[in-house]
Every structure is written in structure tokens, then in C-alpha cells.
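Protein chains in written order, with my numbering: chain A, 4 to 155; chain B, 3 to 151; chain C, 317 to 639; chain D, 3 to 366.
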């Protein structure tokens with residue numbers, strides 16, 4: 004005969020326990036990062052936009068071959084005197100890129116790498132589909148993220 | 003019980019059915035599908051059809067069944083080879099309800115018709131489409147990569 | 317000037333003050349709710365507009381005013397168009413006899429509490445009209461659920477109000493407050509029970525968690541106001557939060573002594589009590605899951621209503637004994 | 003009076019269909035007479051893509067299957083590929099894989115229980131609590147592999163990056179932190195009377211029903227059937243750890259929820275043991291990057307949603323000839339229609355939420 008009052012009591016108690024949990028969390032520090040005002044520091048291994056050190060590139064085409072989405076487009080010509088390939092243009096299609104980081108892994112000279120740029124909003128679609136990696140100021144519009152300071 | 007013992011048992015129970023053990027699975031004839039799978043479910047307590055898919059072997063289509071028995075802890079891989087011009091095979095929906103959606107998927111992607119299936123519609127692709135994209139002769143638009151040398 | 321004219325002007329002024337209060341209070345409550353929920357969930361809530369986002373509701377109102385008013389195809393236009401008014405106008409009308417202080421009341425009707433309860437009940441009509449007129453199945457389900465819910469919870473609500481009326485011996489809001497000068501009502505056990513029943517039933521009346529079934533987002537998208545946009549939606553929103561304030565204000569008047577309180581001016585006490593109840597109800601909202609329709613109905617009819625009836629009987633018996 | 007059935011199109015855009023599931027509901031009042039689930043809105047033909055990618059290139063695509071448990075999908079695919087290519091990952095990589103897989107299981111279950119609570123109307127609070135705790139896991143993954151959602155961490159023959167002492171400290175802190183925090187969910191939801199009356203006895207999956215529909219994972223274990231691939235067909239180094247397989251009693255929505263809560267506790271135990279026993283060494287096996295798979299393999303692993311199977315057919319080319327993903331959510335959602343027949347809409351939402359589906363995996 005005590006079952007119903009006992010159930011009732013337990014029910015009320017269970018609800019009050021919930022209030023204790025939410026009440027306790029009211030006094031916890033907020034975890035929000037106010038994003039446009041404060042920016043989080045990306046980790047060391049963060050994989051942002053593709054970036055290139057053109058002087059290091061030996062045009063071995065490994066990154067182009069491993070790219071699962073064919074986001075990289077490398078054109079090189081053979082120098083007849085030195086018998087070495089010379090990098091002519093290196094275009095990166097950020098729209099296709101899946102930020103898997105395979106290109107920087109296979110690169111034998113660490114020429115291609117993924118930087119800390121994560122604010123990838125552009126005004127024109129063509130700006131995203133063909134980013135000229137040879138240009139040094141390609142990510143200048145996102146500020147200091149591009150300079151490598153964004154990572155730890 | 004292992005797969006070889008299972009095949010022997012099957013051959014004993016259903017001598018007429020052409021059950022044949024190959025390294026990659028047990029190949030059965032198309033007409034014996036209801037018989038063999040009925041035996042598997044009823045006699046050998048294979049409770050669950052874990053996976054049903056198909057492989058386009060250029061000219062033939064292999065329907066691959068992964069049937070699992072929790073009692074024997076045994077995964078049986080069964081294959082039915084269908085000729086490209088006659089893609090019909092009996093549905094196993096009556097034995098395992100999970101076959102319902104698997105068979106719809108295979109029908110959608112390969113065009114294999116499962117006779118006796120209660121609701122054989124396309125499942126992933128839009129209804130009314132005529133092609134079957136996972137066949138090898140399907141040419142779709144999109145990024146095509148060259149094979150690595 | 318004639319005293320008659322003076323009185324009319326004074327009444328109109330009071331009315332404007334009440335209206336302003338409704339708008340400002342709703343906006344404040346929306347901001348307050350966002351802040352409380354943010355605190356509960358370890359977030360910050362609105363932070364950009366104004367001090368800690370204090371002007372966020374203003375920005376939202378401006379946004380909603382500028383939005384296009386979309387009329388769904390196949391809507392029953394007259395019903396659809398009128399529905400927000402049927403919801404919003406009663407919510408504002410209730411402020412006629414809301415006692416903010418000994419003199420701060422638009423009109424102290426001698427049937428004040430009866431007037432309030434009856435006027436707030438009209439809003440169910442608006443909700444049902446919105447659900448019906450939208451020609452949307454989710455809205456229709458929401459409207460029907462809402463009608464069933466509000467009508468069922470009206471019974472325990474009124475029964476618990478009845479206990480207060482019996483105790484105070486008057487229907488006038490000011491009279492009820494004055495009756496509590498010797499001690500706030502909720503200190504008496506039978507009235508405490510009435511208070512709890514009132515709060516539960518009133519939560520259901522304003523469709524808040526755990527009784528937000530008409531608006532159940534995960535089931536009915538947004539319930540009866542799915543198809544409303546722009547200012548029409550804002551009217552539902554304002555009405556919802558105004559109703560929320562109203563139930564808290566009525567609860568504080570009926571059970572917590574209304575504007576009674578030492579030192580501070582009476583409207584401060586009134587608002588303090590009302591917002592205290594509002595805070596607790598917000599806490600409830602951000603803690604509890606939602607009941608199911610049938611569970612909620614059986615709770616109303618099998619638990620709350622008999623309890624409230626019993627409470628009325630006991631109170632009557634007590635009053636007879638005391639003479 | 004003439005009454006007729008109401009047809010409600012629930013989805014593809016609906017707050018509680020967890021993505022783009024589309025349910026055609028035939029309602030009698032609020033009771034569901036018939037339900038026809040329609041899927042395919044997120045179909046990206048990943049199986050066809052796999053036929054045009056090398057095994058290494060395909061790993062990033064597995065991230066996009068079950069985007070809430072990418073590590074487990076990476077793991078499933080890489081284990082299948084390794085079994086086909088007969089590669090053994092080094093011991094350190096095996097332990098790292100176990101750790102990240104279990105961490106991701108916690109992250110995934112957190113979202114599962116919190117979105118389930120959201121479906122039951124516990125407004126946003128459990129969801130934000132879960133997001134707050136999941137953030138810590140995601141932060142660890144961010145340090146480990148540089149992404150927060152699509153990790154591409156587990157590779158054929160090892161893992162992409164080694165664990166640093168900093169990451170080890172973070173994992174240790176997380177285990178201690180979460181062991182405490184998981185009790186919050188118990189107090190806030192598990193034993194809450196409203197939560198219980200809403201979810202107990204709803205959408206009962208019996209053992210027979212589960213096996214018939216090939217329902218796996220927590221939904222199968224909630225029915226009382228003790229089956230966990232990690233325990234029964236141990237892969238990696240799971241057989242070295244001491245952990246329980248929690249099972250439910252009735253197979254209702256509450257049991258499925260509670261099995262997940264308990265599994266998070268077990269995952270913490272596994273992580274703790276693995277962190278203690280992790281050997282030194284290189285996390286990547288020395289393997290050729292060009293694989294030529296030949297033969298057939300079916301490998302299944304225990305993803306947070308159930309048995310995740312990869313069936314790879316190779317013919318000696320660099321591209322796999324055929325790759326089939328046996329997604330656990332696909333089988334689980336196939337069981338939805340008979341499950342919610344006769345329930346009302348609120349309960350259907352509850353049953354759907356408790357199945358914990360991810361559309362990316364169903365539509366592939």
C-alpha cells in the first residue's frame with residue numbers, strides 16, 4: 004500500500020535531482036569562445052588551407068596523384084639544361100579539397116603543407132576554385148592566420 | 003562448426019542443390035536459393051542476414067549474402083551468380099526481414115530483381131531513374147582519377 | 317476641466333503605461349530567458365548588442381518588423397489573419413486589473429480575478445484558429461493539442477484560485493492583496509497546495525515545459541505558429557511571454573502577497589515576486605523533458621483536478637469551523 | 003461522421019529526423035497506422051567513388067560516412083584493408099587506435115543520448131552539456147590529427163600521428179573529468195520520472211526482432227542479447243582489456259539509452275587500461291603506399307551504432323573492384339517502420355531518437 008506514495012516521493016526526488024544538476028551548472032564558467040571577437044588558437048597539426056613553399060617544390064607530382072578529390076593542379080616544365088622540372092603554376096581548388104592532409108604527408112620536401120587558415124569565405128566562386136599557390140599573399144585577406152601565427 | 007562442415011552438411015541435406023565451396027565463399031545455384039537459405043535459417047540456425055550486396059563481374063552479377071549464426075559464431079558467405087540478361091533471384095525477405103532494404107538497395111544499384119519481394123522500389127536513387135549506377139558499364143559525371151602506375 | 321474628462325484621460329494614460337509595460341516586459345523576459353538558459357548550459361547567451369546583449373530583443377523586434385509577412389497557400393485567410401490578435405489582445409487586456417501597488421492599478425474591478433481568468437481563456441481560441449487557419453498538418457495537430465490541454469488545465473487552475481477567493485472572501489485583486497496583510501497565503505498548508513497546483517496548471521496554460529506539447533518542437537516543428545512570420549509571429553511570441561508574466565504575477569498576487577512587503581516601494585516587491593516565480597519556471601523549462609499528450613491529460617484529470625477539488629472541500633470545511 | 007487518415011510528411015526537413023530522413027506517416031488521429039521511411043537524400047555514391055580511388059585515398063571518404071564517429075569508420079575500413087593486404091599494424095598503433103576509437107565512441111554516444119533527450123523535449127540543456135563534454139574529446143582529436151570532425155587519422159598500416167605527452171595528459175584529464183560528469187546525465191535524465199515515463203516501454207525491440215532485422219549495436223544489446231564484436235570477435239588488442247558488455251532488460255527506448263550511458267563508462271575503463279599499457283615504438287608500419295588488393299574480405303568492427311562491416315573485393319588493381327559498406331544505421335532504420343506502427347507521433351519520435359541513426363551512413 005506504500006507503493007504509490009513511495010513512487011510519488013521518488014518521482015519528485017528524481018525531478019529535484021535534475022534541478023540540482025542544472026542549478027549547479029549555473030555556477031560553472033561558460034565554455035563559449037566569442038568567436039569573431041576572440042579567435043581560438045589552432046593546434047600544431049591543424050589542417051587548414053593548402054599552402055606552398057614554391058622554392059622547395061621539386062614538381063614530383065606525388066601530392067597531385069594522392070589527392071583523393073583532385074583538388075591540386077600542378078604544371079611544370081623540364082629545364083633542358085639542368086634536366087630538372089621547374090614549377091610553372093600550382094593551383095588549388097578549395098572547393099574540392101577535403102582537408103585530409105594526404106598531400107603534406109607524401110611531400111618529400113615539405114613544400115606543400117596545410118596552414119592555419121580556417122576562415123575560408125570568398126566573394127567570388129572563382130576565387131575558391133582556383134587559388135594560385137605561387138602567390139605569396141594568397142591568404143592575406145584573412146589576416147594573421149595566414150602568417151602561420153594561428154597554430155600553436 | 004566451420005564453413006567446410008557446413009557445406010558438407012548442406013550437401014547431405016540437399017544433394018540436388020549445387021552447393022560448392024570456393025575460397026571466397028559458398029557458391030549456390032540461383033534456383034536453389036529458397037531451399038538453401040531455408041535450410042540455413044531453419045536447420046543450421048543462421049539467425050541473421052548481416053549483409054546482402056552484389057558485385058558486377060562484367061557479364062555476370064554476383065549476389066553476395068553474409069549470413070551470420072550467433073549460435074555457431076559463424077559467418078557464411080554465400081554467392082549466387084546471375085547472368086546479365088536474366089537478373090532474377092528469389093527474395094529471402096520471408097526468412098530474414100533485414101533482406102527487405104538490402105534487396106531494395108541491390109535492386110537500385112545493380113538492377114537485380116528479387117522475385118517475391120513485397121516492395122521492390124529504388125531506395126537511394128530517385129524513383130523513375132532507369133540506370134543502375136554500381137554496374138561497371140555505368141558512366142557518371144564527376145571527377146575521374148587515373149589509376150596509379 | 318470636468319472631473320469626468322480628467323478621469324478618462326487618466327485611464328487612457330494608465331492604459332498606455334500598461335501597454336508599454338507589456339511590450340517592455342515581454343522583451344525583457346525574452347532576454348532573461350536567453351540568459352538563464354545560457355547560464356544553465358554553460359554558455360554566454362547574447363553578448364554583442366548592448367551590455368551583455370541587453371538590446372538583443374530590440375534588435376530582434378526590429379528584424380521581425382522588417383520581415384516579409386508570408387501567407388501560406390491554402391490558408392483560411394480571415395481566420396489565419398485574426399488568430400494572432402485573438403492571442404495577443406487578451407494577454408494585454410489582463411493588465412487592466414493587475415495590481416502593481418496600492419494605487420498602481422488601471423481599474424480595480426470587483427470581479428478582478430474572474431475577469432482575468434476568463435479573458436486569458438480566450439487565447440485558446442486564437443491558438444486553435446492559428447492551427448486551423450494555417451492549413452498545415454503540424455499546426456492543426458498543435459492547435460488541437462493546445463485546445464485540449466488548456467481546457468483541461470483550466471479546471472484545476474480555477475479550483476485552486478477558488479481556494480484563494482474563499483479564503484480572502486473577495487474577487488477583487490486589491491481585496492485579495494489586502495486580505496494577506498496578516499500573512500501571505502502560501503504559508504497556510506491548504507493554500508500552499510493550491511499554490512503548487514496553480515503553478516503546475518499555469519505552466520500548462522502557457523504551454524511551457526514540461527507541458528509544451530502544442531509547440532513540441534521535435535514532433536510538431538513549431539506547432540500552431542509554424543506558418544507565421546514577421547510581426548504576426550512576433551505577436552505570438554510577445555503574447556506567450558506576456559502570458560508567462562501574467563501567470564507569475566497572478567501567482568504572486570494570490571499567494572505571495574502581491575505588492576505587500578517592507579521597506580521597498582510596492583511595485584518593486586510585486587515585480588520581484590513575479591520575476592522570482594518566472595525564474596523558477598525558466599529553471600524548470602531548461603531542466604525537464606516533456607510529457608506525452610495522454611500522460612499530461614491523465615495527470616490533469618486524475619491527479620490535479622481531484623486534488624484541487626479536495627483542497628476546495630478542505631478549505632471550505634476549515635472556514636466553516638473557524639466560523 | 004466521415005473520418006479519414008491524415009498523411010503527414012515528416013521530413014526531410016524536420017527537427018527530429020536527425021538529418022534528412024523522410025517518413026511518410028499515415029495517422030489515425032495521432033496514432034501511426036503506417037510508416038514508410040524514405041532515404042537517399044544524402045546519397046553521395048561513396049561506394050562508386052571507392053571503385054575509383056586507391057585504398058589510401060579512400061580513407062578520407064570513410065570520415066564522411068558516420069560523421070559523428072569518423073574514427074570508428076576509419077578504423078573499420080583500415081582493418082578491412084589490412085586484413086585483405088595482410089598487413090599488421092605495430093603494437094603502439096593498435097593501442098592508439100583503441101584509445102581513439104573508444105574516445106570517439108564516447109563522443110558519439112554523448113550526442114546520441116543528448117539528441118534523444120532533445121527529442122523527448124528536454125530543451126537543449128542535455129545537448130549543450132553533451133557538446134561541452136564532447137568538446138574535450140574533439141580537442142584531443144584536434145591535437146592528435148588536426149581536425150575536429152573528419153579525422154583521417156587511422157591509416158592502413160598504422161596511424162597518422164604519434165601521441166605526445168601533452169595529448170596523453172589531456173586524455174588522462176578527460177577520463178577523470180568525464181567519470182565525474184557522466185553522473186550528471188544520470189541525475190538529469192536517466193532516473194528522471196518524466197524521462198522514464200516517456201521512454202519506458204516505447205519501441206520495444208525483442209531479441210528475435212533484432213536478429214530478424216539485423217539490428218546491431220546498443221539497440222541489440224538493449225534487448226538483452228549480449229553481442230559485442232569487440233568481445234566476441236576481438237580485433238586490435240581488445241582481448242587484452244577487461245571490460246563489460248552492458249545489456250538491457252526490455253529492449254525499450256530507455257534501455258537503449260541506458261546501455262549507451264553504461265557503454266561510455268566501459269569505454270572510459272578501456273581508455274584507462276590502454277593508456278596504462280601503451281607500448282613505445284613507431285605508430286606506422288613500414289609499408290608500401292601503393293596497394294594492390296586482391297581477393298575478398300568482410301571485416302566488421304563495433305562502431306558506436308552497431309556492426310560496421312566493410313566488404314572489399316580486389317582484383318589486383320590499385321583500385322578496389324567493389325567496396326560495400328554495411329552501415330549499422332541502415333539496418334537499424336530499416337526496423338523503424340514495424341517498430342513505430344501503432345504508436346503515436348510523440349512516441350515515434352522517441353523510438354526514432356533512441357535508435358541513434360546517422361544519415362550520412364545510411365545513404366552513403
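We put the beta carbon where it would ideally sit given N, CA and C, even for glycine. Please read all numbers here as calculations on a predicted model, not as lab measurements.
Which same chain residues, not among the five before or five after residue 208 (chain D), have their C-beta less than 7 angstroms away from its C-beta? Position 206 of the fourth chain, counting from 1, holds the residue named residue 208 (chain D). So the list reads 225, 253, once near-sequence residues are dropped.
Reference residue 607 (chain C); option with closest CA among C:636, C:519, C:370: The sequence position of residue 607 (chain C) within the third chain is 291, counting from 1. For the residues C:636, C:519, C:370, the minimum Cα distance to residue 607 (chain C) belongs to C:519.
With a threshold of 8 angstroms between beta carbons, is residue 627 (chain C) in contact with chain A? For the purposes of this step, residue 627 (chain C) is taken as residue 311 along the third chain, with counting starting at 1. False, the Cβ-Cβ gap to chain A never drops below 8 angstroms.
I'd like the list of long-range same chain contacts for residue 128 (chain A), defined as Cβ closer than 8 angstroms, with 5 residues on each side in sequence excluded. The count along the first chain starts at 1 and reaches residue 128 (chain A) at position 125. Closer than 8 angstroms at Cβ, skipping near neighbours: 98.
For the stretch 589-623 of chain C, enumerate the residues whose C-beta is nearer than 7 angstroms to any C-beta of chain A, in chain order. Residues passing the 7 angstroms Cβ filter: 599, 602, 603, 604.
Reference residue 32 (chain D); option with closest CA among D:366, D:360, D:133, D:350: Position 30 of the fourth chain, counting from 1, holds the residue named residue 32 (chain D). Nearest C-alpha to residue 32 (chain D): D:350.
What does residue 47 (chain D) reach in chain B if we use C-beta pairs closer than 7 angstroms? Locating residue 47 (chain D) in the fourth chain gives position 45, where the first residue counts as 1. Those within 7 angstroms of residue 47 (chain D) in chain B are 135.
I'd like to know if residue 63 (chain D) contacts chain A, where contact means its C-beta is closer than 8 angstroms to some C-beta of that chain. Locating residue 63 (chain D) in the fourth chain gives position 61, counting from the first residue. Chain A contact via Cβ: present.
Own chain residues within Cβ distance below 8 angstroms of residue 263 (chain C), not counting five before or after: As displayed, chain C neither begins before 317 nor continues past 639, which places residue 263 (chain C) out of reach and without an answer.
Between the CA atoms of residue 37 (chain D) and residue 28 (chain D) - distance to the nearest angstrom: The residue you call residue 28 (chain D) lines up with position 26 of the fourth chain. The residue you call residue 37 (chain D) lines up with position 35 of the fourth chain. Each residue's Cα considered, the two are about 6 angstroms apart.
Give the residues of chain C in contact with residue 265 (chain D), contact being defined as C-beta atoms less than 7 angstroms apart. Here residue 265 (chain D) is taken as the residue at index 263 of the fourth chain, counted from 1. Ordered by position in chain C, no residue passes the 7 angstroms Cβ test against residue 265 (chain D), which lies about 21 angstroms from the chain.
Would you please state the rounded distance, in angstroms, between the beta carbons of residue 136 (chain B) and residue 33 (chain B)? I believe it to be under 8 angstroms. For the purposes of this step, residue 136 (chain B) is taken as residue 134 along the second chain, with counting starting at 1. For the purposes of this step, residue 33 (chain B) is taken as residue 31 along the second chain, with counting starting at 1. Actually they do not touch by this definition, with Cβ atoms about 25 angstroms apart.
Taking the DSSP output, what are the residues bridged to residue 68 (chain B)? On the second chain, position 66 is the one that residue 68 (chain B) refers to. B:53, B:79, per the DSSP bridge assignment.
Could you round the C-beta distance between residue 353 (chain D) and residue 255 (chain D) to whole angstroms and report it? I think they count as a contact, below 8 angstroms. Taking the first residue of the fourth chain as position 1, residue 353 (chain D) is located at position 351. Taking the first residue of the fourth chain as position 1, residue 255 (chain D) is located at position 253. Right, their Cβ atoms sit about 6 angstroms apart.
DSSP three-state label for residue 80 (chain D), please. Working through the fourth chain from its first residue, we reach residue 80 (chain D) at position 78. Residue state, collapsed to three classes: helix.
Cβ of residue 63 (chain B) less than 8 angstroms from any chain D Cβ? Within the second chain, numbered from 1, the residue matching residue 63 (chain B) stands at position 61. No - not a single Cβ of chain D is within 8 angstroms of the one on residue 63 (chain B).
Under 7 angstroms between beta-carbons, which chain B residues line up against residue 298 (chain D)? List them in chain order, please. Numbered from its first residue, the fourth chain carries residue 298 (chain D) at position 296. Chain B residues near residue 298 (chain D): 26.
Note down, in chain order, all residues in the stretch 16-47 of chain A with a beta-carbon under 8 angstroms from any beta-carbon belonging to chain C. 18, 21, 22, 24, 25, 26, 28, 29, 31, 32, 33, 34, 35, 37
Looking at the secondary structure, which residues open and close the alpha helix (DSSP H) in which residue 268 (chain D) lies? Counted from its first residue, the fourth chain places residue 268 (chain D) at position 266. 255-279 is the extent of the alpha helix (DSSP H) around residue 268 (chain D).
The beta strand (DSSP E) that contains residue 109 (chain B), what's its start and end? Against the second chain, residue 109 (chain B) aligns to sequence position 107. No beta strand (DSSP E) contains residue 109 (chain B), which is instead part of the alpha helix (DSSP H) from 101-112.
If we call anything under 8 angstroms between Cβ atoms a contact, is residue 469 (chain C) one with residue 542 (chain C)? Here residue 469 (chain C) is taken as the residue at index 153 of the third chain, counted from 1. Here residue 542 (chain C) is taken as the residue at index 226 of the third chain, counted from 1. Cβ distance not < 8 angstroms, so residue 469 (chain C) and residue 542 (chain C) don't count as in contact.
Could you tell me which chain D residues have their CB closer than 9 angstroms to the CB of residue 457 (chain C), listed as they occur along the chain? Indexing the third chain from 1 puts residue 457 (chain C) at position 141. What residue 457 (chain C) touches in chain D: 8, 10, 29, 32, 347.
8 angstroms Cβ cut-off: residues of chain B touching residue 259 (chain D): On the fourth chain, residue 259 (chain D) is found 257 positions in, with the first residue counted as 1. Near residue 259 (chain D) there are no residues of chain B at all, since even the closest Cβ is about 23 angstroms away, more than 8 angstroms.
Secondary structure at residue 590 (chain C), three-state DSSP: helix, strand or coil? Numbered from 1 along the third chain, position 274 holds the residue referred to as residue 590 (chain C). Three-state DSSP puts residue 590 (chain C) in a helix.
Taking all protein chains shown into account, decide if residue 336 (chain C) is buried (16 or more other Cβ within 10 angstroms of its Cβ) or exposed. On the third chain, residue 336 (chain C) is found 20 positions in, with the first residue counted as 1. Answer is exposed; the Cβ neighbour count stays below 16.
Specify, as a first and last residue, the run of the alpha helix (DSSP H) that residue 462 (chain C) falls within. Mapped onto the third chain, residue 462 (chain C) falls at position 146. Going by DSSP, residue 462 (chain C) is part of the alpha helix (DSSP H) stretching over 453-484.
Please state the DSSP three-state secondary structure of residue 309 (chain D). For the purposes of this step, residue 309 (chain D) is taken as residue 307 along the fourth chain, with counting starting at 1. Three-state DSSP puts residue 309 (chain D) in a strand.
Beta-carbon neighbours of residue 336 (chain D), restricted to chain B and to distances below 7 angstroms: Taking the fourth chain and counting its residues from 1, the one referred to as residue 336 (chain D) is at position 334. Ordered by position in chain B, the residues that pass the 7 angstroms Cβ test against residue 336 (chain D) are 100, 102, 103.
Assigned secondary structure, residue 91 (chain A) (DSSP; H/G/I helix, E/B strand, else coil): Position 88 of the first chain, counting from 1, holds the residue named residue 91 (chain A). Strand.
Look up residue 151 (chain B) in the DSSP assignment and say whether it is helix, strand or coil. As a working note, residue 151 (chain B) is residue 149 in the second chain. Confidence in residue 151 (chain B) is poor, its pLDDT being 43 and thus under 50, which makes the residue's placement too unreliable to answer from.
Could you pull the start and end residues of the beta strand (DSSP E) that residue 24 (chain B) belongs to? Here residue 24 (chain B) corresponds to residue number 22 of the second chain, with the count starting at 1. From DSSP, the beta strand (DSSP E) with residue 24 (chain B) extends over 22-24.
Local conformation of residue 136 (chain D) per DSSP, three classes: In the fourth chain, residue 136 (chain D) corresponds to position 134, counting from 1. Residue 136 (chain D) sits in a helix when the DSSP states are folded into three classes.
Strand pairing of residue 29 (chain B), partner residues [DSSP]: Along the second chain, one-based indexing puts residue 29 (chain B) at 27. Looking at the DSSP assignment, residue 29 (chain B) forms a beta bridge with B:22, B:81.
Residue 71 (chain A) to residue 10 (chain B) span [Cα, whole Å]: Counting from 1 along the first chain, the entry for residue 71 (chain A) is found at position 68. Counting from 1 along the second chain, the entry for residue 10 (chain B) is found at position 8. If you take the alpha carbons of residue 71 (chain A) and residue 10 (chain B), they lie about 45 angstroms apart.
How far does the alpha helix (DSSP H) with residue 53 (chain A) in it extend, from its first residue to its last? By 1-based counting over the first chain, the position of residue 53 (chain A) is 50. Run containing residue 53 (chain A): none in the alpha helix (DSSP H); it sits in the beta strand (DSSP E), 53-55.
Between residue 17 (chain D) and chain C, is there a C-beta pair that is closer than 8 angstroms? Here residue 17 (chain D) is taken as the residue at index 15 of the fourth chain, counted from 1. Residue 17 (chain D) has a beta carbon lying within less than 8 angstroms of a beta carbon in chain C.
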